[in-house]
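S.K.: What follows is a single structure, and I will ask about it in a moment.
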Amino acid sequence: MRMTEGCIGNFGINNDTEIDIFGLAESTFGANKTTPDCQWQVVPGCFQRPANAPTCGQSSDYANGSQELPYCLNDGICLQVWTSLRCACELTTFTGKRCHLRKCFYYPPD
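The structure is reproduced here in structure tokens:
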């Protein structure tokens, strides 16, 4: 069984209505939200992200004539981390904070 530790908000599947995870845990596992063989807990109270935290929307890139560019470049995937952003560049041929640096590959001659 795969478990998640952390804060989940606005959870839904296939664009359906949001699922009340806390209510589901309470009705399934009782008031203490635990099972005899697995002592995990579901508790309410996720903290809100700070109002000024950046989002993965568009970002001005003043070095390129103030064009609006995505935060992650070259098909990097933007991830919102609590108060900052991170780019996942693993599935690209780029690296760097914004997937802006080309990875160098060297294939020695046979």
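Mapping to UniProt numbering: the sequence shown position 41 is 41, numbers consecutive.
Don't be surprised by glycine CBs; every beta carbon is placed ideally from N, CA and C.
Pro-50 to Tyr-106, Cα distance in whole Å?
M.R.: In a straight line, the C-alpha of Pro-50 is about 44 Å away from that of Tyr-106.
S.K.: Who are Pro-54's beta bridge partners in DSSP?
M.R.: Pro-54 pairs with nothing; no bridge assigned.
S.K.: Ignoring anything shorter than 4 residues or poking outside the stretch 62-94, list the alpha helix (DSSP H) runs there in chain order.
M.R.: none
S.K.: Exposed or buried, Gly-76, counting other C-beta atoms within 10 Å across all chains shown (16 or more means buried)?
M.R.: buried
S.K.: Rounded to whole angstroms, how far is the Cβ of Cys-78 from the Cβ of Cys-56, which I believe are closer than 8 Å?
M.R.: 4 Å
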